[in-house]
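J.: Everything in the sequence shown is counted per numbering that gives the first Met the number 0, starting at 0 for the first residue and increasing by one.
In this text, a Cβ means the ideal position worked out from N, Cα and C, and glycines have one as well.
Can you keep this structure in mind? I'll have questions shortly.
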Amino acid sequence: MTHHLSQEFAWPKHFLFGSATAAAQIEGAGHLYGKEDSVWDAFARKQGAIAGGENLEVAVDHYHRYREDVQLMRELGLDSYRFSTSWARVVPGGRTVNEQGLDFYSRLVDELLENGILPWLTLYHWDLPQALEERGGWTNRETAYKFVEYAEAVYAKLGDRVQHWTTFNEPLCSSLIGYASGEHAPGRQEPEAALAAMHHQHLAHGLATQRLRELGAKELGITLNLTNAVPNDPTDPVDLEAARRIDALWNRMYLDPILKGSYPQDLLEDVSHLGLAEVIQPGDLQIIHQPIDFLGVNHYHDDNVSGHPLPGRQPPAVVPTDSAKSSPFVGSEYVSFPARDLPRTAMGWEVNPQGLRVLLNRLKKDYENLPALYITENGASYTDVLSEEGTIEDEERSEYILNHLDEVARSLEDGVDVRGYFVWSLLDNFEWAWGYDKRFGIIYVDYQTQERIIKNSGRAYAGLIASNRTMA
0 MTHHLSQEFA WPKHFLFGSA TAAAQIEGAG HLYGKEDSVW DAFARKQGAI
50 AGGENLEVAV DHYHRYREDV QLMRELGLDS YRFSTSWARV VPGGRTVNEQ
100 GLDFYSRLVD ELLENGILPW LTLYHWDLPQ ALEERGGWTN RETAYKFVEY
150 AEAVYAKLGD RVQHWTTFNE PLCSSLIGYA SGEHAPGRQE PEAALAAMHH
200 QHLAHGLATQ RLRELGAKEL GITLNLTNAV PNDPTDPVDL EAARRIDALW
250 NRMYLDPILK GSYPQDLLED VSHLGLAEVI QPGDLQIIHQ PIDFLGVNHY
300 HDDNVSGHPL PGRQPPAVVP TDSAKSSPFV GSEYVSFPAR DLPRTAMGWE
350 VNPQGLRVLL NRLKKDYENL PALYITENGA SYTDVLSEEG TIEDEERSEY
400 ILNHLDEVAR SLEDGVDVRG YFVWSLLDNF EWAWGYDKRF GIIYVDYQTQ
450 ERIIKNSGRA YAGLIASNRT MA
């Protein structure tokens, strides 16, 4: 294996090494113990929505195997485990609190704490109750207020033991990809609806942050998936304009309201024909612009952006299904993403670890009162092969993780306040529209037997964590 800075780096004393999952992707028990449909349960029943026609009913059965999974976390030496609570389990139908659902998360939190693992809770990782979607979902402003009621219920049960509260994971996906492209639940292809959903999720974040702070929560934040929008030809004004548009839509539309209290002016002009201005009510941006204690950064790859049609001889598109989709790039649907001469993961994503350092430094430079940063997701899907000896020698994934940790270490040397890294994902799981085709886990799951096997990448990550403790 390549020599890595991260393996000998003097990580800060309280730097957290963790791993992450999401309720919908791992829990199973899809309609047991009081849980009802989420938008993903309903979406999975649509013909052609999910690769292989798969669903979330069993997933990797974490609901029944959480104790085993926590022991695996302990074996890996994780400091923290980032998980989400399912709104459709806690408040099924969006109306009445389901105590059985809350009891499950209470047992999970107790198990984590008993094993010395810090719980890091996300309230929304895309599983809106389907009953609320049928009343407009995130296009309905009332959903933001329903979210606060849900947050209150979770805090009432777990607030005495959970310190770190994340309101939303990647609202970009649950707005633009869920309501504009249609690749994610609820599968709508309406640009105006996508922008309304985005704004109402921002509003929900602000309202819930206010309320949880009132109730006594100490560490509050949000997780955003952020990219570097790189112009394919930095001397071409057309490519520069395309990159600006993607940066506005993919990064600043989420960062600026939360950290600066305003939408970027260029973004508002780009989408002026799509009704966003009519959705924003007086006082909304003050609510959204709540002080936060941390910003979660999810980063997998950069985006090489052009304003020209794709040239010939591009790598074949990697898509989950052949059902028709629309562009998630509302107001900038014409942009293209030419391939660069870089390695790619099984998702077709470019591998460029240096981009993470560029991104972290950009955040430090552009946002004056930037809160502490945590890398809340970073990882890779590759084709895993179970050897005759029962091992998974996923060296590409090991290198991906360690190379990105090298860049986190360099960012710390640059003076960026990064306080933790969570690899995605702890377990192979339901990968949204990809079903079970793509594996991101550092733990292999046999989907037929639910057997868990720590991959070589998990061992490499555990080795880094252990060596860091030895040096501390």
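Cα-Cα, which of T121, L127, Y420, R66 is closest to V90?
T.: It is L127.
J.: Do you know offhand how far L239's Cα is from V350's?
T.: If you take the alpha carbons of L239 and V350, they lie about 22 angstroms apart.
J.: Report the three-state DSSP secondary structure of E349 (helix, strand or coil).
T.: Correct three-state label for E349: strand.
J.: The beta strand (DSSP E) with T322 in it runs from where to where?
T.: As written in the sequence, residue 322 is Ser, which differs from the Thr given in the question. Segment: none, S322 is in no beta strand (DSSP E) and carries neither H nor E.
J.: Kindly indicate which residue of H201, G440, L75, A192 has the alpha-carbon position closest to the one of T165.
T.: It is H201.
J.: Where does V57 sit, in a helix, a strand or coil, going by DSSP?
T.: It is coil, neither helix nor strand.
J.: If contacts are defined as beta-carbon pairs under 8 angstroms, then P249 and A216 qualify, I think. What distance do you get, rounded to the angstrom?
T.: Correcting the residue identity first, residue 249 is Trp in this sequence and not Pro. Actually they are not in contact, since the Cβ atoms of W249 and A216 sit about 29 angstroms apart, beyond 8 angstroms.
J.: Using DSSP's beta-bridge definition, name the partner residues of S18.
T.: Per DSSP, Y80, V422.
J.: If contacts are defined as beta-carbon pairs under 8 angstroms, then A432 and V329 qualify, I think. What distance do you get, rounded to the angstrom?
T.: With a Cβ gap of about 19 angstroms, A432 and V329 do not count as contacting.
J.: Going by C-alpha to C-alpha distance, which of S174, H2, A9 sits closest to R468?
T.: Answer by Cα proximity: A9.
J.: Here's a check: name, in chain order, each residue in its chain whose Cβ is nearer than 7 angstroms to the Cβ of R210, leaving out the five neighbours to either side.
T.: Once the five neighbours on either side are set aside, the close Cβ partners of R210 are V147, A150, E151.
J.: Could you please give the first and the last residue of the uninterrupted beta strand (DSSP E) stretch that includes Y373?
T.: Note, Y373: beta strand (DSSP E), 371–376.
J.: State buried or exposed for A247, treating a residue as buried only when at least 16 other CB atoms are found within 10 Å of its CB.
T.: When all chains shown are included, A247 counts as buried.
J.: Keeping to the same chain, check which residues put their C-beta closer than 8 angstroms to that of D393; ignore five residues upstream and five downstream.
T.: Only Y381, D383, K454, N455, S456 meet the Cβ criterion.
J.: What are the complete beta strand (DSSP E) segments, minimum 3 residues, inside the region 375–441?
T.: Qualifying beta strand (DSSP E) stretches, in chain order: 417–423.
J.: Report yes or no: do the region 360–372 and the region 320–329 share at least 3 C-beta pairs separated by less than 8 angstroms?
T.: Contact between the region 360–372 and the region 320–329 is absent, because fewer than three Cβ pairs lie under 8 angstroms.
J.: P337 and L309: beta carbons closer than 7 angstroms?
T.: A contact, by the Cβ cut-off of 7 angstroms.
J.: Just to confirm my understanding: we take T121, look at its own chain, exclude 5 residues before and 5 after, and list those with CB closer than 6 angstroms. What are they?
T.: The answer, listed in chain order, is S83, T165, N168.
J.: Please report the distance separating the alpha-carbon of V153 from that of S79.
T.: Approximately 19 angstroms between the Cα atoms of the pair.
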